[in-house]
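Just so you know, we're using this note's numbering here: the sequence shown kicks off at 591 and counts up by one. Built from N, CA and C at the ideal position, the CB exists for glycine as well. Since this is a predicted model, take the numbers as computed values, not measurements.
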Amino acid sequence: MAQAMVKASAMTLPAVNDDLNGYLAKISAFPVLSIEEEQNLARKYRDEDDLESAGQMVMSQLRFVVHLARSYSGYGLPLADLVQEGNIGLMKAVKRFDPDVGVRLISFAVHWIRAEIHEYVIRNWRIVKVATTKAQRKLFFKLRSSKKGLGWFSAAEAEAVAKDLGVTEEQVYEMESRLTSGDMSFDATSADDGSEKRALRPAEYLYQDDVDPAVAAENDNFADSQSATLAAGMEDLDDRSRDILQRRWLNDDGKSTLQELADEYDVSAERIRQIEKAAMNKLKSHMLDA
């Protein structure tokens, strides 16, 4: 089923190439699905094996894959390839998505998208680490033949190589260090040599939490949920309690004083404070029970 969905989606999926602006223009035409639309499509795919529904879910999240892939652009890998790998992860996520769990597809899919991009980075990690610029590639192919022995370059040798290749001595030393260094584990559970080097593993710094779209999506979903719960709790209050809370805490024009409200309702300021406290407690209970 997964292979069938991938083949069906590939027939209509916009081609990812070097013209990323053109690709973005194409995928922006696909509408963002509402919660109800997303769940209906997911159930139709799950219960009826409807590949067209799965395709619509994939298309609606393609822009998110590009957004996530851009956070990996500092590794010298083509962005188009990163996007393509992310799209594969998205299709795998759609296949496994359960609409009855109560989460949005975007929150669920982020793990699968990132996993595919990580695998791609791992496969190309050695190449990326050794040579990423034109000068580094030039050094990579010519440096070994320029070495006279197995040891490190002497100052005179480094100067001669730099002059011969038209690069700086610093670039020579940097490439020599890269060529002689070993690969590291991408996601090791402990340092291979028993030292405290685990924090230097690539998995620790491959992406930045502060620009992680999954975190942003989760925060937005939480904020929307809290706002909806607050609004429902306010509706459960009587008119006077709701008006007092609204004017005491939710007014953009300024906070009303206890005495102002007391004069309006012809009660004491202490009575307004008691009503306010009771309403706040009731609202708090509603938020905790939601």
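query	result
Contact with chain B by W702, beta-carbon distance below 8 Å	Absent here is chain B; the protein component of the structure consists of one chain.
Coil, strand or helix - V691 by DSSP	helix
Cβ-Cβ distance between P668 and S650 below 8 Å	no
Range of the contiguous alpha helix (DSSP H) that encloses D943	There is simply no residue 943 to check, as the chain begins at 591 and stops at 880 in what is shown.
Buried or exposed (CB count within 10 angstroms, at least 16 for buried), F687	buried
Which of helix, strand or coil DSSP assigns to K874	helix
Endpoints, alpha helix (DSSP H) assigned at Y613	L610 to I617
Whether P689 touches R653 by CB criterion (8 Å)	no
Residues near S643 by beta carbon distance below 7 Å, same chain, minus five either side	L631, K634 and Y635
N- and C-terminal bounds of the alpha helix (DSSP H) containing Y855	L848 to Y855
Minimum C-alpha distance to L614 - residue among D828, M681, I834 and R660	R660
Simplified DSSP state of D826, which is helix, strand or coil	coil
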